[in-house]
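Input: a single structure, listed below in structure tokens.
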Amino acid sequence: MSFAVELIISVLLIIGGLFVLVGSIGLLRLQDIYVRLHAPTKATTLGLGSVLIGSMVYMYHQQGFLSINELLITLFLVITAPVTAHILAKAAMHSKANILERTRNQHLVENARKQLPPEQNDQQGEKKD
Numbered sequence: 005m006s007f008a009v010e011l012i013i014s015v016l017l018i019i020g021g022l023f024v025l026v027g028s029i030g031l032l033r034l035q036d037i038y039v040r041l042h043a044p045t046k047a048t049t050l051g052l053g054s055v056l057i058g059s060m061v062y063m064y065h066q067q068g069f070l071s072i073n074e075l076l077i078t079l080f081l082v083i084t085a086p087v088t089a090h091i092l093a094k095a096a097m098h099s100k101a102n103i104l105e106r107t108r109n110q111h112l113v114e115n116a117r118k119q120l121p122p123e124q125n126d127q128q129g130e131k132k133d
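Here you go:
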């Protein structure tokens with residue numbers, strides 16, 4: 005294996021490892037659930053993507069053709085991480101998880117908590133009749 009390929013793979017793995025480490029530390033150290041969601045969805049996704057791209061480069065150099073598996077895993081992570089974070093934040097908001105006092109626009113969170121999903125609105129409308 006040439007030095008350039010080894011260097012590219014090593015750099016991708018080191019960058020990936022550092023981002024995963026920063027994301028994990030952020031998940032442990034940040035104060036509330038809303039802030040904690042940023043660490044695994046941003047840093048860890050980028051770190052795992054970098055490790056998987058490093059794996060793609062290695063497999064391409066070893067086998068001579070591009071393995072699509074790592075690319076699909078990276079694409080899946082990039083697509084699903086923001087959706088998962090949004091669902092977790094919405095669940096935390098509706099279960100009234102504590103918010104830091106220094107959070108701006110807290111009144112918007114209170115307004116969103118007061119809104120009911122469409123299914124609950126329909127059920128309340130039927131009970132009133």
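Numbering (our numbering), first residue to last: 5 to 133.
Heads up, the beta-carbon is just placed ideally off N, CA and C, and yes, glycines get one too.
Just so it is clear, the structure is predicted and the values come from calculations on it, not from any experiment.
Requested in this report: With Gln67 as the anchor, note down where its alpha helix (DSSP H) starts and where it stops.
Outcome: Here residue 67 refers to the residue found at position 63 of the sequence shown. Note, Gln67: alpha helix (DSSP H), 49-67.
Query raised in the report: By DSSP, does Ile103 sit in helix, in strand, or in coil?
Result: One-based indexing of the sequence shown puts residue 103 at position 99. It is coil, neither helix nor strand.
Query raised in the report: Would you say Ser59 and Phe23 are within 8 Å of each other, going by their C-beta atoms?
Result: Indexing the sequence shown from 1 puts residue 59 at position 55. Indexing the sequence shown from 1 puts residue 23 at position 19. Cβ distance not < 8 Å, so Ser59 and Phe23 don't count as in contact.
Report task. Classify Arg40 as helix, strand or coil using the three-state DSSP reduction. Result -> For this step, residue 40 is matched to residue 36 along the sequence shown. It is helical.
Query raised in the report: If you follow the alpha helix (DSSP H) that Arg108 is part of, which residue opens it and which one closes it?
Result: Residue 108 sits at position 104 when you count from the first residue of the sequence shown. Here Arg108 belongs to no alpha helix (DSSP H), and DSSP marks it neither H nor E.
Report task. Report buried or exposed for Leu112, applying the criterion of at least 16 other Cβ atoms within 10 angstroms of its Cβ. Result -> Translated into the one-based positions of the sequence shown, residue 112 becomes position 108. Per the 10 Å Cβ criterion, exposed.
Query raised in the report: Given a threshold of 16 other Cβ atoms within 10 Å of its Cβ, counted over all protein chains shown, does Ile57 qualify as buried or as exposed?
Result: Taking the sequence shown and counting its residues from 1, the one referred to as residue 57 is at position 53. Looking at its Cβ environment, which holds 16 or more other Cβ atoms inside 10 Å, Ile57 is buried.
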